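In this note's numbering, the protein residues as written are 1 to 171.
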Amino acid sequence: MNRCVAALLLAALAGPACEDGSHADIADEINILVRRNDQLVPPAMERLAAYKRAAIPQIETSLHTAAPAGRLHLVAAMARIGDGEAVPILRHAALFDVAPEVRTAAEAVLSRWAADPSDSGRAARAGTAIAELARRRAAGEGPLLYGDGGLPGVPSTVGAPDPVGGSPPGR
1 MNRCVAALLL
11 AALAGPACED
21 GSHADIADEI
31 NILVRRNDQL
41 VPPAMERLAA
51 YKRAAIPQIE
61 TSLHTAAPAG
71 RLHLVAAMAR
81 IGDGEAVPIL
91 RHAALFDVAP
101 EVRTAAEAVL
111 SRWAADPSDS
121 GRAARAGTAI
131 AELARRRAAG
141 EGPLLYGDGG
151 LPGVPSTVGA
161 PDPVGGSPPG
171 R
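The following block contains the structure:
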């Protein structure tokens, strides 16, 4: 009987400790970045950056469905977070994103990180990513490997709606 009570007490105490609403808050900030292009974006980016590495998986997911202007905001958010865990995501965007402005922005972040001696681990990962980009581009890999329509049978974000308010970033 005592074991059963102890197990129930432990489960009751562990439940709230596992409840973390940060994923919903991160999603709210990302939603602003991919759907807006106005004065709400900079504060949302700062709030998102406060989550640091925890925000990166949700940013990566959103990169697959956002319009190019929203993807630019997400690349800027990863740059603001500054975590080396974003390097593979930025490398992928720099190589395969269908929007040239997103590819350019992702590669620019990698280049800045590769040249930044303040975080040697991140710099090394970014430098390796830049070298891999060059190698893979020389081998003919890139966003139009399958033509302007992308992969056959795979939904594309080319027609995703642009964020509301103001003009898209980089234009």
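All C-beta atoms, glycine included, are put in the ideal place defined by N, C-alpha and C.
Since we're looking at a predicted model, the values are computed, not measured.
Continuous alpha helix (DSSP H) stretch holding residue i: start and end
i    : result
P220 : The shown model of the chain, from 1 to 171, leaves out residue 220, and the question about it has no answer.
D25  : S22 to R35
A124 : S120 to A138
R53  : No alpha helix (DSSP H) contains R53, which DSSP labels as neither H nor E.
G84  : Run containing G84: none; DSSP gives neither H nor E here.
Same chain only: Cβ atoms within 8 Å of residue i, ignoring 5 sequence neighbours per side
i    : result
E132 : R91
V102 : P68, R71, L72, V75 and A93
A123 : W113, A114, A115, D116 and P117
D83  : K52, R53, I56 and R122
C18  : Only weak support exists for where C18 lies, its pLDDT of 42 falling under 50; the coordinates are left without a value.
Three-state class that DSSP yields for residue i in the structure shown
i    : result
V102 : helix
C18  : Here the model assigns C18 a pLDDT of 42, short of 50, so the residue's position is not dependable, and the following value carries that caveat. In this structure, C18 counts as helix in the three-state DSSP scheme.
Contact set for residue i: own chain, Cβ-Cβ below 7 Å, skip 5 residues either direction
i    : result
T61  : none
G127 : A114
E29  : A44, R47 and L48
I130 : L110, S111 and A114
6 Å CB neighbourhood of residue i in its chain, flanking five on each side removed
i    : result
P163 : R35, R36, N37, A69 and G70
Is the region 61 to 81 in contact with the region 114 to 129, if contact means three or more CB pairs nearer than 8 Å? no
Is the number of C-beta pairs between the region 43 to 62 and the region 135 to 145 that are closer than 8 Å three or more? The count of Cβ pairs closer than 8 Å, one atom from the region 43 to 62 and one from the region 135 to 145, stays below three, leaving the stretches out of contact.
Hey, is the region 56 to 71 in contact with the region 39 to 47, meaning 3+ C-beta pairs nearer than 8 Å? no
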